[in-house]
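Peer 1: Residue numbers (this note's numbering): 1 to 313.
Idealized CB from N, CA, C, for every residue including glycine.
Pasting a structure below so you can have a look.
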Ligand code: RIB
Ligand code: CA
């Protein structure tokens, strides 16, 4: 089977890091053409550095890492150090990366790649605010029809917001970018908080990471140990929700997930509900479906996949 070509757009973030590791642990299924960093959890200078740290941790210095947009399309940048710590990868001590950052801008890489590869053969996997993706579509509308699919982490419906009462962080940071992506007409798979809050790294899972006896296992355990504080305090939940790895798990084993093909629109006008994903889950409008909005996940199957794959690194 030919591995699926993907570009991972990311704002590491401990959960982004686990998603990247899961992708790198699955070379038979996924061919990571490049990693594009965007400002989100922490500023761009840190997300591009963190992306390189994770590539090196996975032994993948061959994967090109690009820096993209350092702020959203319209609003000023909102970051999430309160969740991810000052570095964005708080938890373990990390050495600076050695591999170089690519000179090319991430948006130019996305455009160039989609123009070079055969139409319909590249999947975009955004794990942060959608600024880079929307900037590429705006600058080069011709590439939109070349995209095979977008599998993104973002939004919420039954779970409502995690950064405001109405909005999930990735969409909240850049709602204008999200609106461009959700209106692009590209096949869209959305992993909202509704599913990511169902894959919590409980103590046995973290112990399982540590039991691997590898640097990757130790790092993932330390990251999830740190990352869970926010959700434990806020939701009283048992463990950290592994938001971003849900996108990679979906690509590897889609039958772990279930959802509905529905219409999802983005609130961009109201300050009160900015970034809300207005998901027509109950089909009460005549708005055309534009996204597979995931609603449930086999959590044990997810962790089985994650743990066995990470043990490969
Ligand atoms: O709301 C969760 C999302 O925001 C995740 O992608 C996390 O990494 C942050 O970017
Ligand atoms: Ca992220």
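When DSSP labels each residue in this structure, what does residue 219 get in the three-state scheme?
Peer 2: helix
Peer 1: Under 6 Å from any heavy atom of ligand 1, does the C-beta of residue 169 make it?
Peer 2: Within the cutoff, so yes.
Peer 1: What does the alpha-carbon distance come out to for the pair residue 309 and residue 66?
Peer 2: 25 Å
Peer 1: Where does the unbroken alpha helix (DSSP H) through residue 208 begin, and where does it stop?
Peer 2: 203-211
Peer 1: Per DSSP, residue 296 forms a beta bridge with which residues?
Peer 2: 258
Peer 1: Give the DSSP-derived three-state secondary structure of residue 14 in the structure shown.
Peer 2: helix
Peer 1: Could you give the uninterrupted runs of the alpha helix (DSSP H) lying entirely in the segment 134-185, keeping only those of 4 residues or more?
Peer 2: 169-173 and 175-182
Peer 1: What number of angstroms, rounded off, separates the C-alpha of residue 199 from the C-alpha of residue 155?
Peer 2: 16 Å
Peer 1: By the DSSP assignment, the alpha helix (DSSP H) with residue 194 in it spans what residues?
Peer 2: 193-196
Peer 1: Indicate, with yes or no, if ligand 1 has a heavy atom lying under 6 Å from the CB of residue 161.
Peer 2: no
Peer 1: So what's residue 308 in DSSP terms, helix, strand or just coil?
Peer 2: helix
Peer 1: Could you check the C-alpha separation between residue 203 and residue 139 for me, to the nearest Å?
Peer 2: 46 Å
Peer 1: For residue 117, which residues in the same chain have their Cβ closer than 7 Å to its Cβ, ignoring the five residues on either side in sequence?
Peer 2: Cβ within range, chain order: 5.
Peer 1: How about the segment 119-134 and the segment 37-46: do they share at least three Cβ pairs that are nearer than 8 Å?
Peer 2: yes
Peer 1: Would you kindly work out how many angstroms separate the C-alpha atoms of residue 161 and residue 33, rounded to a whole number?
Peer 2: For the pair residue 161 and residue 33, the Cα-to-Cα distance works out to about 32 Å.
Peer 1: Is DSSP giving residue 49 helix, strand or coil here?
Peer 2: helix
Peer 1: Can you give the Cα-Cα distance for residue 183 and residue 282, rounded to whole angstroms?
Peer 2: 20 Å
Peer 1: Tell me residue 230's beta-bridge partners as DSSP assigns them.
Peer 2: Residue 230 is not bridged to any residue.
Peer 1: Helix, strand or coil: how does DSSP classify residue 245 here?
Peer 2: helix
Peer 1: Along the alpha helix (DSSP H) that carries residue 265, what are the first and last residues, could you check?
Peer 2: Element bounds for residue 265: not the alpha helix (DSSP H) but the beta strand (DSSP E), 264-266.
Peer 1: Indicate, with yes or no, if ligand 4 has a heavy atom lying under 6 Å from the CB of residue 231.
Peer 2: As for ligand 4, it is missing from this structure, which binds only ligand 1 and ligand 2.
Peer 1: Round the Cβ separation of residue 187 and residue 149 to the nearest angstrom and send it over; I've been treating them as touching at under 8 Å.
Peer 2: 5 Å
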